[in-house]
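Visitor:
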Amino acid sequence: MFDKITPRSEDYSKWYTQVIRQAEMADYAPVRGCMVVRPYGYALWENVKEQLDIRFKATGHQNAAFPLFIPMSFIEKEAEHVEGFKPELAVVTHGGGKKLEEPLVVRPTSETIIGYMYSQWIQSYRDLPVLINQWANVVRWELRPRLFLRTMEFFWQEGHTAHATHEEAEEETLRILDIYTDFAVNEAAIPVIPGRKSDSEKFPGALTSYTIEAMMGDKRALQAGTSHDLGQNFAKVFDIQYLDSNQKQQHCWTTSWGVSTRMIGAIIMTHGDDQGLVLPPRLAPTQLVIVPIIPKNNDEAKQVVTQTVDAICETLGSVRYHVDDRYEYSPGWRFNEWELKGVPLRIEIGPRDIENDQVVFARRDIPGKEGKSFVPIADVAETAMQMLDSIQSDMLKRATDFRDANTFEPNDYEGFKEIVENGFARTWWCGKEECEDKVKEETQATIRCIPMEQPDSDGTCIVCGAEAEERTIFARAY
RNA sequence: CGGGGUGUAGCGCAGCCCGGCUAGCGCGUCUGCUUUGGGAGCAGAAGGUCGGAGGUUCGAAUCCUCUCACCCCGACCA
0 MFDKITPRSE
10 DYSKWYTQVI
20 RQAEMADYAP
30 VRGCMVVRPY
40 GYALWENVKE
50 QLDIRFKATG
60 HQNAAFPLFI
70 PMSFIEKEAE
80 HVEGFKPELA
90 VVTHGGGKKL
100 EEPLVVRPTS
110 ETIIGYMYSQ
120 WIQSYRDLPV
130 LINQWANVVR
140 WELRPRLFLR
150 TMEFFWQEGH
160 TAHATHEEAE
170 EETLRILDIY
180 TDFAVNEAAI
190 PVIPGRKSDS
200 EKFPGALTSY
210 TIEAMMGDKR
220 ALQAGTSHDL
230 GQNFAKVFDI
240 QYLDSNQKQQ
250 HCWTTSWGVS
260 TRMIGAIIMT
270 HGDDQGLVLP
280 PRLAPTQLVI
290 VPIIPKNNDE
300 AKQVVTQTVD
310 AICETLGSVR
320 YHVDDRYEYS
330 PGWRFNEWEL
340 KGVPLRIEIG
350 PRDIENDQVV
360 FARRDIPGKE
370 GKSFVPIADV
380 AETAMQMLDS
390 IQSDMLKRAT
400 DFRDANTFEP
410 NDYEGFKEIV
420 ENGFARTWWC
430 GKEECEDKVK
440 EETQATIRCI
450 PMEQPDSDGT
460 CIVCGAEAEE
470 RTIFARAY
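This is the structure we're talking about:
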């Protein structure tokens, strides 16, 4: 079970899978392409959910639940939407032993069925905006699944809103992009680049798609969340209309946005090292693990250790801690186990420490002796809280430095090709799809996003040399 | 769907090319004793329709035919 983990440099995707399975985050299900999220992985997901949910509620959104099944005809209403999703639909053709009149699609996303309901609910400008989110599972028949990053069934939240004007819908789309960015940076310690998708990469049926893009430990890009301005596309095909204050019928402007369990994959690949997971303290299911070390056949020493541990626990307040008193496992074994699981902070406490009225702190983000320090027993709680804070901010800094150190601005197309082999290329693009296609064909890299933050100057397209107004991020992506 | 690969104990594998006694090994599990400051040691034990079906043969994990499943690489994708 505790085989050595393959180093990242040797085989990154092997490392990724091994870490997930050995840390008991998830396991393969007996159905191809599906995974089982195990309690430890789910606990992390619950913390992700909680932090996002707080932000949604704070901006006026409410949760609701829509059906898992969607009539096939709904999916077919919006032309681009069908084209985008048709190849990956799971379709129910039989129910109760009989062939269905109309096949039901297991939702791949819920714009259509929610749009249909909105058309029933919305009559007047006074009904707007409608701001609803759902936490749900969806199914997409993926050809090449990968734990957390791309599974046939995955868990996510999907927000769906309807507004009176395009301006309001755009505002909403960007507000959510800000929420996603704030969550990724401040909770997950993942430095993301918020930006706009190119037309070829946008959501099927959207006017404009926005994204947060992150760099993983192998320097490939991962789309960690998306927010779409759907314009009136879905409102028109589902008749989502309202009467405005001038007594004129108007189509609504809708948005949709989502973050999925892929975020877990992003956390793993942003922070993990060759010992296993490294979880950001703010999201870690267990923030602090205490490993008591006791000599055998010495009840007195054992009692002193356990009493001291108990006393320390009383002072820990809101810290999410766990005492690992599985004495049948050696201390070294337990250290390794918690490192594999990415617990941010570990306290080791044995008779030798108690003699000196101290404990050993070990930071997960700084492996080996470097990350160890002695702390007086009286200061444990305060030090633990400070250290969790600094681990959180150091993790963000380390990930930001890594990304910046692997982001380059090419001088010419040859240089560009080299860069996207192994990092992000930040460069100018004229906006023509043929340049985008050429890059994809020759390098497998795609436009990850056109960052919201743009320099004042203009430039020339890295591919064709034409004048370009927007600087974009190109990279190979998951 | 194209290319490659794997199914043998809970997990990871060897054995197959070249058929032959009771199908092995490592990890894990169970029991006992000794151990506990970086993945403990010794001794003992349990655990198998060799993915499935059919065939060849005195004899099949091994050869043949069919079949199922999964994994990896590509096209699609949050």
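Using numbering that gives the first Met the number 0, read the first sequence as starting at 0 and increasing by one per residue.
Where a beta carbon is used, it is the ideal one built from N, C-alpha and C, also for glycine.
Note that this is a predicted model, so its numbers are computed, not measured.
1. Distance, Cα to Cα, A383 vs F233?
2. Does T92 pass the burial test, meaning 16 or more other C-beta atoms within 10 Å, or should it be called exposed?
3. In the DSSP assignment, the beta strand (DSSP E) including K218 goes from what residue to what residue?
4. Kindly list the residues whose CB is nearer than 7 angstroms to the CB of D273, restricted to its own chain and excluding five residues on each side of it in sequence; keep chain order.
5. Which class does V36 belong to by DSSP, given the choice of helix, strand or coil?
6. Beta carbon of Q391, beta carbon of R281: below 8 angstroms?
7. Quick one: any contact between the region 146–164 and the region 121–131, if contact means 3 or more CB pairs under 8 angstroms?
8. By the DSSP assignment, the alpha helix (DSSP H) with R261 in it spans what residues?
9. Rounding to the nearest angstrom, what Cα-Cα distance links M0 and Y326 in this structure?
10. State whether the region 251–267 contacts the region 44–52, with contact taken as three or more CB pairs (one from each stretch) at a distance under 8 angstroms.
11. Is A223 closer than 8 angstroms to Q133 when the C-beta atoms are compared?
12. Determine, using beta carbons only, whether A300 and I289 come nearer to each other than 8 angstroms.
13. Note down the Cα distance separating E87 from A310, rounded to an integer number of angstroms.
14. Tell me, please, which residues DSSP counts as bridged to A135.
15. D52 to A135, Cα distance in whole Å?
16. Would you check if there are 3 or more beta carbon pairs closer than 8 angstroms linking the region 405–420 to the region 467–476?
17. Is the CB-CB distance between I348 and V304 below 8 angstroms?
18. Who are the near neighbours of A28 in its chain, counting only those whose CB is closer than 8 angstroms to its CB and skipping five residues on each side?
19. Expressed to the nearest angstrom, what Euclidean distance is found between the alpha-carbon atoms of V138 and E313?
20. Return the chain-ordered list of same chain residues with a C-beta closer than 8 angstroms to the C-beta of T172, the five sequence neighbours on each side being excluded.
21. Going by CA-CA distance only, name the one from P450, Q61, C251 that's closest to V236.
22. Count the other C-beta atoms from every protein chain shown that fall within 10 angstroms of the C-beta of K201, then say buried if there are 16 or more, exposed otherwise.
23. Please work out which residues of its chain come closer than 8 angstroms, Cβ to Cβ, to R149, disregarding the five sequence neighbours upstream and downstream, and give them in chain order.
Guide: Straight from the coordinates:
1. 51 angstroms
2. Its Cβ having fewer than 16 others within 10 Å, T92 is exposed.
3. No residue range can be given for K218, since it is assigned to no beta strand (DSSP E) and is classified by DSSP as neither H nor E.
4. I4, P6, R7
5. strand
6. yes
7. yes
8. 261–270
9. Unreliable positioning characterises M0 in this predicted model, as indicated by a pLDDT of 40, which lies under 50. A coordinate reading is not provided.
10. yes
11. no
12. Taking 8 angstroms as the cut-off, the beta carbon of A300 is found no closer than this to the beta carbon of I289.
13. 56 angstroms
14. W155
15. 13 angstroms
16. yes
17. yes
18. M34, V35
19. 45 angstroms
20. T207, Y209, S226, H227, D228, T254, W256
21. C251
22. buried
23. E141, R143, R261, Y477
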